[in-house]
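The sequence shown maps to residues 175 to 407 in this note's numbering. Ideal Cβ positions, reconstructed from N, Cα and C, are used throughout, including at glycine. Model, not experiment: these values are computed from the prediction.
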Amino acid sequence: LHKEYRRQRQMCIRDRTDTEARRTGPRRWRGQEPEDRRAARRTQLIEAGLQIMGTEGAAAATMRATCREAALTERYFYESFANRDELLVAVLDEVVLGARDTILDALEAAPSEPSALIRHVVKAFTNYVFKDPRRGRIMFVESQAEPALWDRGRELMAEFTNPISASLELMYGGEATDSANSELNSVGLFGALAFIYQAHTPSSKISRKRLVEHISLMVEAQATVNSTPARKE
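Laid out in structure tokens, this is it:
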């Protein structure tokens with residue numbers, strides 16, 4: 175009887191513990207909610223992936239290498255990402271969307287005069303890239319070198335070209351042109367600027383001031399390219 179009593183009591187304790195766990199959820203740890211801890215670990219992994227991709231290249235950003243860099247176990251990697259490709263895309267998103275937000279913020283605060291506006295935005299973007307050289311490598315090199323990033327890279331290109339296209343349309347659009355010009359010009363500018371930023375890093379012999387001015391002149395020259403077919407009388 176005593177043995178059966180102990181067995182029943184243990185079952186009751188276990189059932190109550192399970193119920194309490196379901197009711198209260200995971201316990202707080204060091205003042206952090208479980209979802210906050212998960213978010214913090216995800217941030218650690220993304221930063222680790224950014225460090226590896228931005229210095230050694232995307233090919234080196236394996237699951238194990240990322241875990242070592244983040245000082246986390248593999249269990250926590252799979253808590254945030256289904257596989258390595260998801261991590262690489264998350265890193266690319268972090269860098270590219272940060273650049274997109276930099277451009278949008280610059281456009282909001284920019285002067286209205288076209289020449290000054292262009293230089294203001296180009297300077298803001300250049301500062302973003304040069305502040306952390308890893309960003310330029312990830313955006314302009316690794317996004318093209320890693321097959322897992324190709325599709326997402328094409329999607330993210332619109333995050334750059336759409337605001338550029340809209341701005342060019344406002345500044346240089348008119349009755350004699352159409353929106354296709356702004357779209358084509360913005361894509362052409364994106365491709366040209368990607369190669370310029372690849373070639374010229376913060377350690378380049380060309381000063382940042384001159385780089386900003388040269389790119390601004392390129393934008394001004396490209397912005398007025400007009401292939402709108404002539405109207406037939």
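Residue closest to residue i, alpha-carbon to alpha-carbon, out of the options
i: Tyr346; options: Pro321, Val399, Glu387, Gly327; result: Val399
i: Pro463; options: Asn257, Glu268, Arg328, Leu344; result: No answer is possible for residue 463: the residues shown for the chain start at 175 and end at 407.
i: Ala233; options: Ala213, Leu262, Glu209, Arg405; result: Leu262
i: Ser381; options: Leu363, Phe304, Thr402; result: Phe304
i: Arg328; options: Val270, Glu207, Gln218; result: Val270
i: Arg258; options: Thr276, Met237, Glu268; result: Met237
i: Thr247; options: Asn359, Arg216, Ala280; result: Arg216
i: Glu268; options: Ala256, Met313, Glu253; result: Met313
i: Thr402; options: Ala354, Ala264, Ile389; result: Ala354
i: Val245; options: Glu320, Gln218, Glu260; result: At residue 245 the sequence reads Ala, which differs from the Val that was named. If we check each option's Cα against that of Ala245, Gln218 comes out closest.
i: Ala322; options: Lys383, Arg212, Met227; result: Met227
i: Trp324; options: Asp306, Glu260, Ser377, Val295; result: Glu260
i: Asp365; options: Ser286, Ala332, Ala264, Tyr250; result: For the record, residue 365 in the displayed sequence is Gly; it is not Asp. Per the Cα distances, Ala332.
i: Arg405; options: Glu207, Asp352, Asn359, Lys383; result: Asp352
i: Arg326; options: Arg249, Lys383, Ala264; result: Ala264
i: Arg249; options: Ala284, Arg212, Leu363, Ile370; result: Arg212
CB contact flag (residue i, residue j, <8 Å)
i: Arg274; j: Phe334; result: yes
i: Gly310; j: Gln372; result: yes
i: Leu330; j: Leu266; result: yes
i: Leu278; j: Pro337; result: yes
i: Val295; j: Ala319; result: no
i: Phe299; j: Thr276; result: yes
i: Arg308; j: Thr240; result: no
Whole-number beta carbon distance between residue j and residue i, since they are thought to touch under 8 Å
i: Glu394; j: Ile292; result: 6 Å
i: Glu316; j: Gly223; result: Not quite, the Cβ-Cβ distance comes to about 11 Å (not below 8 Å), so this is no contact.
i: Lys297; j: Val361; result: The pair is not a contact, with the Cβ atoms about 22 Å apart (cut-off 8 Å).
Reduced DSSP secondary structure (H/G/I, E/B, other) of residue i
i: Asn400; result: coil
i: Glu207; result: coil
i: Glu320; result: coil
i: Thr236; result: coil
i: Pro376; result: coil
i: Arg196; result: Note that Arg196 scores 43 on pLDDT, short of 50, meaning its location in the model is unreliable; the coordinates nonetheless yield the value given after this. Three-state result, Arg196: helix.
i: Asp306; result: coil
i: Ser353; result: helix
i: Ser286; result: coil
i: Thr247; result: coil
i: Ser381; result: coil
i: His176; result: Interpretation of His176 is limited by its pLDDT of 42, a score under 50 that renders its predicted location unreliable; the figure taken from the coordinates is listed afterwards. Of the three classes helix, strand and coil, the one that applies to His176 here is helix, per DSSP.
i: Arg311; result: helix
Neighbour-count burial assignment, residue i, 16 or more Cβ in a 10 Å radius
i: Ile220; result: buried
i: Glu282; result: exposed
i: Thr408; result: The question about residue 408 has no answer, for the chain in this structure spans 175 to 407.
i: Ala397; result: buried
i: Tyr252; result: exposed
i: Asn301; result: exposed
i: Ser377; result: exposed
i: Ser286; result: exposed
i: Ala290; result: exposed
i: Ala214; result: exposed
Neighbour flag for residue i against chain B, beta carbons, 8 Å
i: Gly228; result: No chain B appears in the structure shown, which is made up of a single protein chain.
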